[in-house]
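Participant: Dropping the structure in here first, questions after.
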Amino acid sequence: MNFKRTLLIAALPLAFLAQAAHALDIKIADIHPKGYPTVVAEESMGKALEAESKGELKFKYFPGGVLGSEKEVIEQMQAGAIQMSRVSLGIVGPVVPDVNVFNMPFIFRDQAHMRAVIDGEVGDAILDRITNSEFGLVALAWMDGGTRNLYTKKPVRTPADLKGMKIRVQGNPMFIEMMNAMGGNGIAMDTGEIFSALQTGVIDGAENNPPTMLEHNHYQNAKFYSLTGHLILPEPIVMSKITWNKLTPEQQDMVKKAAKAAQAEERVLWDKKSAASEEKLKAAGVEFITVDKKPFYDATAPVRAKYGAPYADLIKRIEAVQ
Numbered sequence: 599m600n601f602k603r604t605l606l607i608a609a610l611p612l613a614f615l616a617q618a619a620h621a622l623d624i625k626i627a628d629i630h631p632k633g634y635p636t637v638v639a640e641e642s643m644g645k646a647l648e649a650e651s652k653g654e655l656k657f658k659y660f661p662g663g664v665l666g667s668e669k670e671v672i673e674q675m676q677a678g679a680i681q682m683s684r685v686s687l688g689i690v691g692p693v694v695p696d697v698n699v700f701n702m703p704f705i706f707r708d709q710a711h712m713r714a715v716i717d718g719e720v721g722d723a724i725l726d727r728i729t730n731s732e733f734g735l736v737a738l739a740w741m742d743g744g745t746r747n748l749y750t751k752k753p754v755r756t757p758a759d760l761k762g763m764k765i766r767v768q769g770n771p772m773f774i775e776m777m778n779a780m781g782g783n784g785i786a787m788d789t790g791e792i793f794s795a796l797q798t799g800v801i802d803g804a805e806n807n808p809p810t811m812l813e814h815n816h817y818q819n820a821k822f823y824s825l826t827g828h829l830i831l832p833e834p835i836v837m838s839k840i841t842w843n844k845l846t847p848e849q850q851d852m853v854k855k856a857a858k859a860a861q862a863e864e865r866v867l868w869d870k871k872s873a874a875s876e877e878k879l880k881a882a883g884v885e886f887i888t889v890d891k892k893p894f895y896d897a898t899a900p901v902r903a904k905y906g907a908p909y910a911d912l913i914k915r916i917e918a919v920q
C-alpha cells in the first residue's frame with residue numbers, strides 16, 4: 599500500500615509537467631502603457647481564457663512598446679514570435695487594402711456611428727477580409743481607437759493655419775495625403791518617436807486622441823488641441839495565424855468569444871479614460887479648440903474620391919448604418 603502511494607506521489611509532478619508541456623504560451627503586445635483601456639481589456643481577455651482553457655493557454659503581457667513598434671510587432675506575429683496584439687488600421691491598410699474604407703477621413707459621422715458600424719455586418723466583413731488576406735493574422739474583434747484630432751505647437755482653427763506645419767501621421771499613404779490636403783505636411787513616424795520629434799522641432803504637431811496625447815506625454819510640447827475629428831479609427835485585435843492554427847476548434851471558439859468580450863469592456867473603459875484624459879490635459883494647460891469641420895471635410899474630398907472608388911458598395915453600407 600505504501601509502495602503504491604509512493605508511486606502515486608512520484609507520478610504527480612510528472613502529470614503537472616505533462617500539462618505544462620501542452621500549455622501554449624501567448625504573448626500579447628501593445629504599444630500603449632499599462633493601465634491604458636486596450637491593455638486592461640487585453641489582460642482581462644487573457645485571464646478569462648487561462649481560466650476557461652484550464653491553463654492550456656498561458657498569457658504574458660508586454661505593454662508600453664517593449665517588444666517593438668506596431669510594425670515590428672506585426673512582423674513578429676507573422677513569424678509566430680508574438681501571438682496577439684491590438685494594432686492600428688493605418689498600418690494594416692497598405693497590406694490589406696479593403697480596411698482603407700475605415701481609414702478614409704470623415705468616413706464616420708461621429709463615434710456612435712463608428713461603433714454601430716463595427717458592431718454589425720460591415721465590421722465583421724472587414725475582420726474577415728483581414729483574416730482571409732495574405733497578412734498572416736486572424737482578426738478577432740474591434741477596439742475603439744478614439745476620435746483623432748490635431749495637436750500642435752501653434753493654434754489651428756482653419757486649414758490655412760496648417761500651412762508649412764509638419765504633422766506626424768501613421769505610416770499610410772492615405773494619411774499623408776489627407777494631412778497634405780488639410781493644409782499641412784504629413785510626416786510618417788512611429789508612435790515612439792513622436793515625443794522627441796516634438797521636443798526637437800522635427801515636427802510641429804501630430805494627430806491622435808486625448809488618452810494617447812496624455813499617456814505618451816505629447817502635451818508637454820504641443821499645447822493646442824483642435825477638434826477636427828478627421829479620423830475615427832477602430833483597431834482590430836489580431837492573432838498570429840501560425841498560433842491560430844495550433845489551437846483546437848474549441849480553443850479558437852473560446853478566443854473569438856473572449857475577444858468580443860474584450861471589445862465590449864474596452865469601450866466602457868475608453869469612454870471613462872477619454873473624459874478623464876481631456877480634463878487632465880486642460881489642467882496641464884492644453885487649449886481645446888472647437889473648429890468648423892466643414893472646411894477640413896471639403897479639403898479632404900479628393901482623398902475620399904481617390905481611395906473610395908473600390909469601396910463604393912461598402913461606403914453605401916456604412917452610410918446607411920444608423
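According to the numbering used here, the sequence shown is numbered sequentially starting from 599. By construction, the Cβ of each residue, glycine as well, lies at the ideal position given by its N, Cα and C atoms.
Starting from Ala739, trace the beta strand (DSSP E) both ways and give me its first and last residue.
Facilitator: One-based indexing of the sequence shown puts residue 739 at position 141. Per DSSP, Ala739 belongs to the beta strand (DSSP E) from Leu735 to Thr750.
Participant: Taking Cβ to Cβ, would you say Ile672 is nearer than 8 Å to Thr841?
Facilitator: Indexing the sequence shown from 1 puts residue 672 at position 74. Indexing the sequence shown from 1 puts residue 841 at position 243. No, they are not a contact pair.
Participant: Are Asp802 and Ile765 closer than 8 Å when you measure CB to CB?
Facilitator: By one-based count along the sequence shown, residue 802 stands at place 204. By one-based count along the sequence shown, residue 765 stands at place 167. A contact, by the Cβ cut-off of 8 Å.
Participant: Report the rounded CA-to-CA distance for Glu921 versus His620, giving the unit in angstroms.
Facilitator: Lying outside 599 to 920, the shown extent of the chain, residue 921 is not represented and no answer is given.
Participant: Hey, Ala862 and Ser642: beta-carbon distance below 8 Å or not?
Facilitator: Residue mapping note: residue 862 aligns to position 264 of the sequence shown, counting from 1. Residue mapping note: residue 642 aligns to position 44 of the sequence shown, counting from 1. In this structure, Ser642 does not lie closer than 8 Å to Ala862 by Cβ.
Participant: Within the same chain, show all residues whose beta-carbon is closer than 8 Å to that of Leu867, passing over the 5 residues directly before and after it, in chain order.
Facilitator: For this step, residue 867 is matched to residue 269 along the sequence shown. Correct list, in chain order: Pro635, Val638 and Ala639.
Participant: In the DSSP assignment, find the unbroken alpha helix (DSSP H) run with His620 in it and report its ends.
Facilitator: Here the question's residue 620 lines up with position 22 in the sequence shown. Element bounds for His620: Asn600 to His620.
Participant: Please go through the region 644-695 and give each complete alpha helix (DSSP H) segment of 4 or more residues, from N-terminal end onward.
Facilitator: The qualifying runs are 668-676 and 687-690.
Participant: Less than 7 Å between C-beta atoms, sequence neighbours within five positions excluded: which residues of the same chain meet that for Tyr905?
Facilitator: The residue you call residue 905 lines up with position 307 of the sequence shown. Hits under 7 Å: Asn698, Met702 and Met772.
Participant: Are the region 703-712 and the region 685-694 touching by the rule of at least three beta carbon pairs closer than 8 Å?
Facilitator: The region 703-712 vs the region 685-694: no contact.
Participant: Lys761: which of Arg746, Asn783, Ala737 and Pro753 sits nearest, CA to CA?
Facilitator: Working through the sequence shown from its first residue, we reach residue 761 at position 163. Nearest option by C-alpha distance: Asn783.
Participant: Per DSSP, Pro832 is paired with what?
Facilitator: Within the sequence shown, the letter at position 234 stands for residue 832. BP columns for Pro832 point to Asp742.
Participant: Along the beta strand (DSSP E) that carries Asn806, what are the first and last residues, could you check?
Facilitator: Residue 806 sits at position 208 when you count from the first residue of the sequence shown. Taken as a continuous stretch (DSSP letters only), the beta strand (DSSP E) holding Asn806 covers Gly803 to Asn806.
Participant: Under the rule that 16 or more other beta-carbon atoms within 10 Å means buried, what is Gly633, buried or exposed?
Facilitator: The residue given as residue 633 occupies position 35 in the sequence shown. So Gly633 counts as exposed.
Participant: Among Pro847, Thr888, Arg684 and Ala882, which one has its Cα closest to the Cα of Asn819?
Facilitator: Counted from its first residue, the sequence shown places residue 819 at position 221. Closest by alpha carbon: Ala882.
Participant: My guess is that Leu725 and Ser838 are in contact by the Cβ rule of under 8 Å, so how many angstroms apart are they, rounded?
Facilitator: Numbered from its first residue, the sequence shown carries residue 725 at position 127. Numbered from its first residue, the sequence shown carries residue 838 at position 240. Actually they do not touch by this definition, with Cβ atoms about 15 Å apart.
Participant: Please report the distance separating the alpha-carbon of Asp628 from that of Leu738.
Facilitator: Locating residue 628 in the sequence shown gives position 30, counting from the first residue. Locating residue 738 in the sequence shown gives position 140, counting from the first residue. If you take the alpha carbons of Asp628 and Leu738, they lie about 16 Å apart.
Participant: For Gly784, name the three-state secondary structure that DSSP assigns.
Facilitator: Counting from one through the sequence shown, the residue named residue 784 turns up at place 186. Strand at Gly784.
Participant: Compute the Euclidean distance between the alpha carbons of Leu615 and Asn778, then round it to the nearest angstrom.
Facilitator: Within the sequence shown, the letter at position 17 stands for residue 615. Within the sequence shown, the letter at position 180 stands for residue 778. With a pLDDT of only 41 at Leu615, under 50, the local geometry of the prediction cannot be trusted, and no value is derived from it.
Participant: Between which two residues does the beta strand (DSSP E) containing Glu885 stretch?
Facilitator: Numbered from its first residue, the sequence shown carries residue 885 at position 287. From DSSP, the beta strand (DSSP E) with Glu885 extends over Glu885 to Ile887.
Participant: Is the CB-CB distance between Leu748 and Met811 below 8 Å?
Facilitator: Within the sequence shown, the letter at position 150 stands for residue 748. Within the sequence shown, the letter at position 213 stands for residue 811. No. Outside cutoff.
Participant: What are the boundary residues of the beta strand (DSSP E) that includes Lys854?
Facilitator: Against the sequence shown, residue 854 aligns to sequence position 256. Not the beta strand (DSSP E): Lys854 falls in the alpha helix (DSSP H), residues Pro847 to Ala881.
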